[in-house]
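Peer 1: Start counting the sequence shown at 426; every next residue gets the next number (our numbering). We put the beta carbon where it would ideally sit given N, CA and C, even for glycine. Note that the structure is a prediction, hence the values are computed from the model and not measured.
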Amino acid sequence: MKTQGKVASIPYTLERRRTSRLISVRVLADGTVKVNAPYRVSLAAIERVIVSHQETLRQAIVDQKMHLHTYQNGDVFLFGGEQYTLELRQGTKQGIVLDGDSLVVTYCGEKVQPLVVQRMIKELYRKTVKARLEPLVTLWAGRLGVAKPPFSVRDSRSRWGSCSAKGRLNFSLRCQILDETQLSYLVLHEMAHLVHFNHSKDFHALLALHMSSYKQVQASIFALQKQSQLYL
426 MKTQGKVASI PYTLERRRTS RLISVRVLAD GTVKVNAPYR VSLAAIERVI
476 VSHQETLRQA IVDQKMHLHT YQNGDVFLFG GEQYTLELRQ GTKQGIVLDG
526 DSLVVTYCGE KVQPLVVQRM IKELYRKTVK ARLEPLVTLW AGRLGVAKPP
576 FSVRDSRSRW GSCSAKGRLN FSLRCQILDE TQLSYLVLHE MAHLVHFNHS
626 KDFHALLALH MSSYKQVQAS IFALQKQSQL YL
């Protein structure tokens, strides 16, 4: 059950879960505050936690909102490890293309509609990263000695990738911001779960065997978390 609240001038969404044991407070990528808590904990106790961390939360909200996109001229996007500046052009046919260091979006009509631009950019990310993932999945299947698994690309906001118990891989379209080394590591990480469906010592040993610098590459991906969001 989700409810909305506000305390110390901080709006929040509260979700009570039977599986929650503690109160957790997170600032999401769009700058909103989400609270998870057990049913037995009172609202007063929950809000005391928010108030006690209000300065940290306010700073986190500011930091997250700094990375929100406007989908207007000059907006900067990461694409394949490189930065591209959004350039909007009015035309008779809608389209999107990379031109030098610009991400050029042609729109129809008198006014730019940010949501339309956002959808076009997301679709470009989806198509491009799917084409990049295909040979990497084939490559790592061979190196790990496993059957090539099916995979899909989704608009996931929280996870870069995942591997289901049935051996299906899912990747976020946000992965298109990654360079080749980072994307290759991400595929290796998810496909290593086909060998070890956990994060055990054996799992990490397998990563190290195939990519000795995997910890550094993983850290570089985590550092891009805020920049990877495609929110308005």
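Please work out which residues of its chain come closer than 6 Å, Cβ to Cβ, to residue 566, disregarding the five sequence neighbours upstream and downstream, and give them in chain order.
Peer 2: Counting from 1 along the sequence shown, the entry for residue 566 is found at position 141. Correct list, in chain order: 573.
Peer 1: Near residue 515, which residues of its chain fall below 7 Å by C-beta distance, leaving aside the five closest residues on each side in sequence?
Peer 2: For the purposes of this step, residue 515 is taken as the residue at position 90 of the sequence shown. Within the same chain, residue 515 has close Cβ partners 532.
Peer 1: In this structure, what does DSSP give as the bridge partners for residue 438?
Peer 2: Stepping through the sequence shown from its first residue, residue 438 is reached at position 13. Paired residues: 429, 459.
Peer 1: So, residue 599 versus residue 582, is the Cβ gap smaller than 9 Å?
Peer 2: Position 174 of the sequence shown, counting from 1, holds the residue named residue 599. Position 157 of the sequence shown, counting from 1, holds the residue named residue 582. Yes, the pair counts as a contact, with Cβ atoms nearer than the cut-off.
Peer 1: With H, G and I counted as helix, E and B as strand and the rest as coil, what does DSSP make of residue 643?
Peer 2: Here residue 643 is taken as the residue at index 218 of the sequence shown, counted from 1. Helix, per DSSP.
Peer 1: Apply the 10 Å Cβ neighbour rule to residue 437 and answer buried if 16 or more other Cβ atoms are within range, or exposed otherwise.
Peer 2: Against the sequence shown, residue 437 aligns to sequence position 12. Per the 10 Å Cβ criterion, buried.
Peer 1: For residue 585, is the beta carbon positioned less than 8 Å from some heavy atom of the ligand ATP?
Peer 2: Summarising the ligand content, the structure contains no ligands, and the ligand ATP is consequently not present.
Peer 1: What first and last residue would you give for the alpha helix (DSSP H) that runs through residue 472?
Peer 2: Sequence index remark: in the sequence shown, residue 472 carries index 47 (1-based). 468–477 is the span of the alpha helix (DSSP H), which, as asked, contains residue 472.
Peer 1: Rounded to whole angstroms, what is the Cα-Cα separation between residue 451 and residue 435?
Peer 2: By 1-based counting over the sequence shown, the position of residue 451 is 26. By 1-based counting over the sequence shown, the position of residue 435 is 10. Their backbone Cα atoms lie some 12 Å apart in a straight line.
Peer 1: According to the Cβ coordinates, are residue 578 and residue 597 closer than 9 Å?
Peer 2: Position 153 of the sequence shown, counted from the first residue, corresponds to residue 578. Position 172 of the sequence shown, counted from the first residue, corresponds to residue 597. For residue 578 and residue 597, yes; Cβs fall inside 9 Å.
Peer 1: Excluding the 5 residues flanking residue 616 on each side, which residues of the same chain have their C-beta closer than 8 Å to its C-beta?
Peer 2: Within the sequence shown, the letter at position 191 stands for residue 616. Only 562, 565, 566, 569, 571, 574, 588, 594 meet the Cβ criterion.
Peer 1: With DSSP as the reference, identify every bridge partner of residue 512, one or two as the case may be.
Peer 2: Residue numbering aside, residue 512 sits at position 87 when the sequence shown is read from its first letter. Looking at the DSSP assignment, residue 512 forms a beta bridge with 529.
Peer 1: Checking 9 Å against the spacing of the C-beta atoms, do residue 440 and residue 431 come in under that value?
Peer 2: Within the sequence shown, residue 440 is the residue found at index 15, counting from 1. Within the sequence shown, residue 431 is the residue found at index 6, counting from 1. Cβ atoms of residue 440 and residue 431: not closer than 9 Å.
Peer 1: According to the neighbour-count rule (16 or more other Cβ atoms, all chains shown, within 10 Å of its Cβ), is residue 501 buried or exposed?
Peer 2: Against the sequence shown, residue 501 aligns to sequence position 76. So residue 501 ends up on the exposed side.
Peer 1: Can you have a look at residue 554 and say buried or exposed, based on whether 16 or more other CB atoms are within 10 angstroms of its CB?
Peer 2: Your numbering for residue 554 matches position 129 in the sequence shown. Result: buried.
Peer 1: For the alpha helix (DSSP H) holding residue 567, just list the boundary residues, first then last.
Peer 2: Working through the sequence shown from its first residue, we reach residue 567 at position 142. It spans 539–569 - the alpha helix (DSSP H) in which residue 567 sits, taken as one unbroken run.
Peer 1: Cβ atoms of residue 487 and residue 475: under 9 Å apart, would you say?
Peer 2: In the sequence shown, counting from the first residue as 1, residue 475 sits at position 50. In the sequence shown, counting from the first residue as 1, residue 487 sits at position 62. Their beta carbons are not under 9 Å apart, which means residue 475 does not touch residue 487 by this criterion.
Peer 1: Taking DSSP's pairing of strands, which residues face residue 520 in a bridge?
Peer 2: Here residue 520 corresponds to residue number 95 of the sequence shown, with the count starting at 1. For residue 520, which the question treats as bridged, DSSP gives the partners 531.
Peer 1: Three-state secondary structure (DSSP) at residue 503?
Peer 2: Counted from its first residue, the sequence shown places residue 503 at position 78. DSSP places residue 503 in strand when its eight states are reduced to three.
Peer 1: Find the nearest neighbour of residue 494 within the set 484, 485, 510, judged by alpha-carbon distance.
Peer 2: On the sequence shown, residue 494 is found 69 positions in, with the first residue counted as 1. Closest option to residue 494, Cα to Cα, is 510.
Peer 1: Quick check on this structure: which residue in 433, 551, 546 has the alpha carbon closest to the alpha carbon of residue 480?
Peer 2: Translated into positions along the sequence shown, residue 480 becomes position 55. Checking every option, the nearest Cα to that of residue 480 belongs to 433.
Peer 1: Sort out for me which residues DSSP pairs residue 594 with in a bridge.
Peer 2: Sequence index remark: in the sequence shown, residue 594 carries index 169 (1-based). For residue 594, which the question treats as bridged, DSSP gives the partners 576, 588.
Peer 1: Restricting to Cα atoms, I'd like to know which of 529, 625, 609, 580 is closest to residue 559.
Peer 2: Start at 1 with the first residue of the sequence shown, and residue 559 comes out as number 134. The candidate whose alpha carbon is nearest that of residue 559 is 609.
Peer 1: Determine the burial state of residue 653: buried for a count of at least 16 other Cβ atoms within 10 Å of its Cβ, exposed for fewer.
Peer 2: The sequence position of residue 653 within the sequence shown is 228, counting from 1. Residue 653 comes out buried.
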